[in-house]
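Just so you know, we're using our numbering here: the sequence shown kicks off at 505 and counts up by one.
Ideal Cβ placement from N, Cα and C applies to all residues, glycine included.
Right, one structure below, let's go through it.
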Amino acid sequence: MTDTKLADTYRGYVACLNNQDWGTLHRFVHDEVHYNGDRIGLSGYRKMLERDFSEIPDLYFDIQMLISDTPFIASRLQFNCTPKGVFLGLPVNGRKVCFSENVFYEFLDGRIRHVWSVIDKAAIEAQL
Numbered sequence: 505m506t507d508t509k510l511a512d513t514y515r516g517y518v519a520c521l522n523n524q525d526w527g528t529l530h531r532f533v534h535d536e537v538h539y540n541g542d543r544i545g546l547s548g549y550r551k552m553l554e555r556d557f558s559e560i561p562d563l564y565f566d567i568q569m570l571i572s573d574t575p576f577i578a579s580r581l582q583f584n585c586t587p588k589g590v591f592l593g594l595p596v597n598g599r600k601v602c603f604s605e606n607v608f609y610e611f612l613d614g615r616i617r618h619v620w621s622v623i624d625k626a627a628i629e630a631q632l
């Protein structure tokens with residue numbers, strides 16, 4: 505897979521998330537996906553995303569930076585959203601917050617096999 509094709513696949517993945525199109529998530533995420541070192545599998549990954557959207561109804565993944573170096577993607581995602589209650593251990597409780605996530609992905613056979621994610625919690629704390 506070329507870097508351009510991998511970047512296009514990643515953009516399709518983000519569109520899948522933003523549309524909450526869980527029926528097509530398997531096209532982008534490997535059955536044996538790992539998240540921050542833990543094997544959670546496709547079903548665990550889907551549950552994590554569904555929970556995120558339940559707790560943050562206006563969640564939207566906005567790609568700010570995207571670097572593709574097959575088989576890896578590095579992305580900086582921006583969020584401007586309103587978590588309903590406690591988020592990352594912080595009492596957000598319906599307040600609008602803006603923060604970023606730096607995330608790295610490793611693809612295997614055209615699907616995400618490993619995800620390493622760091623959310624800028626300090627940005628949220630500063631807004632509260």
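Residue range of the alpha helix (DSSP H) that includes Q631: K625 to Q631
Nearest-angstrom Cα separation, counted from Y609 out to T508: 15 Å
Backbone CA spacing between G541 and S621 [nearest angstrom]: 10 Å
Buried versus exposed, by CB contacts within 10 Å (16 or more), L592: exposed
Whole-Å CB distance - F565 paired with L581, under 8 Å assumed: 5 Å
Per DSSP, cross-strand counterpart(s) of I571: A578
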